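Numbering (our numbering), first residue to last: 1105 to 1354. Okay, structure first, notes after.
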């Protein structure tokens, strides 16, 4: 009794004789298998009268309809924290009771970009991994972290000429106040003579801070020395006319 799964060839059985198929191979996962089976003779059939050769067939289980998984894009500004995006979309049809689940997501912390290579698993209703049953193609999104902006402005100052050298160490944070520990700031402007010079602001990164994570912008100040004001004042003179030349000394 092959039930349509097994065919009999050769001399065959005499009328009334035959075999029962007692077991056949059962497979679920995608792959190629030998279609094995076992048999037993009918009760009224003597196996001694027959030489039986078993020839196993082949079972091919192919992947289901192809799926396309597209992972999400995200963009952040550097804040020292890891970021990820587990969002994705799926094009194609899952079997009834199956679902797509993100089981692992890459993280990005430093400025730069990377592919959002999510690990997607197809699970059955019992949570078993059946991803191998599907033909899947991926379209990965991009995770991007832009450098944090730090903007510094050097102070400006004006003096009257006094023959001395002047500098001005004041500066202000326009943006990026949360990263004060990242850089060491120095002002290098100096002026001694009448005129103007830039109060140049320079910086260096402190140990442990990655320069690639920051976009530092500086605005120079202006140092000015103006001409000193000098007042010449003649002394007063009062006297009676005596025919002589008189003057007032400074």
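For each residue, glycine too, the CB sits at the ideal point set by N, CA and C. Here the structure is a predicted model, which is why all the values come from computation and not from measurement.
Going by other Cβ atoms of all chains shown within 10 Å of its Cβ, with 16 needed for buried, is residue 1205 buried or exposed?
Mapped onto the chain shown, residue 1205 falls at position 101. The residue is exposed, with fewer than 16 neighbouring Cβ atoms inside 10 Å.
Report the three-state DSSP secondary structure of residue 1281 (helix, strand or coil).
Taking the chain shown and counting its residues from 1, the one referred to as residue 1281 is at position 177. If DSSP states are grouped into helix, strand and coil, residue 1281 belongs with the helices.
Quick check on the burial criterion: 16 or more other C-beta atoms within 10 angstroms. Buried or exposed for residue 1318?
For the purposes of this step, residue 1318 is identified with residue 214 of the chain shown, where counting begins at 1. The residue is buried, with at least 16 neighbouring Cβ atoms inside 10 Å.
Taking only the alpha-carbon atoms, compute the straight-line gap between residue 1244 and residue 1208 and give it to the nearest angstrom.
Taking the chain shown and counting its residues from 1, one reaches residue 1244 at position 140. Taking the chain shown and counting its residues from 1, one reaches residue 1208 at position 104. Approximately 14 Å between the Cα atoms of the pair.
How would you label residue 1215, buried or exposed, when you count the other beta carbons within 10 angstroms and need 16 or more for buried?
Start at 1 with the first residue of the chain shown, and residue 1215 comes out as number 111. So residue 1215 ends up on the buried side.
Tell me the rounded alpha-carbon separation between residue 1274 and residue 1258.
On the chain shown, position 170 is the one that residue 1274 refers to. On the chain shown, position 154 is the one that residue 1258 refers to. For residue 1274 and residue 1258, the distance between alpha carbons rounds to 6 Å.
Compare the C-alpha of residue 1197 against each of 1185, 1240 and 1155 and name the closest.
Here residue 1197 refers to the residue found at position 93 of the chain shown. For residue 1197, the closest of 1185, 1240 and 1155 by C-alpha to C-alpha distance is 1240.
Mind checking who residue 1330 pairs with in its DSSP beta bridge?
By one-based count along the chain shown, residue 1330 stands at place 226. BP columns for residue 1330 point to 1264.
Please classify residue 1153 as buried or exposed, where buried requires at least 16 neighbouring CB atoms within 10 angstroms.
As a working mapping, residue 1153 is identified with position 49 in the chain shown. Looking at its Cβ environment, which holds fewer than 16 other Cβ atoms inside 10 Å, residue 1153 is exposed.
Rounded to the nearest angstrom, what separates residue 1283 and residue 1304 at their Cα positions?
For the purposes of this step, residue 1283 is taken as the residue at position 179 of the chain shown. For the purposes of this step, residue 1304 is taken as the residue at position 200 of the chain shown. Residue 1283 and residue 1304: Cα-Cα distance of roughly 21 Å.
Please classify residue 1335 as buried or exposed, where buried requires at least 16 neighbouring CB atoms within 10 angstroms.
Numbered from 1 along the chain shown, position 231 holds the residue referred to as residue 1335. It is exposed - the Cβ of residue 1335 has fewer than 16 other Cβ atoms within 10 Å.
Measure the alpha-carbon distance for residue 1354 versus residue 1263 and round it to whole angstroms.
Residue 1354 sits at position 250 when you count from the first residue of the chain shown. Residue 1263 sits at position 159 when you count from the first residue of the chain shown. Below a pLDDT of 50, predicted positions are generally treated as unreliable, and residue 1354, at 48, falls in that range; the measurement from the model is reported next regardless. In a straight line, the C-alpha of residue 1354 is about 28 Å away from that of residue 1263.
Straight-line CA distance for residue 1211 to residue 1251?
Counting from 1 along the chain shown, the entry for residue 1211 is found at position 107. Counting from 1 along the chain shown, the entry for residue 1251 is found at position 147. Cα-Cα distance, rounded: 16 Å.
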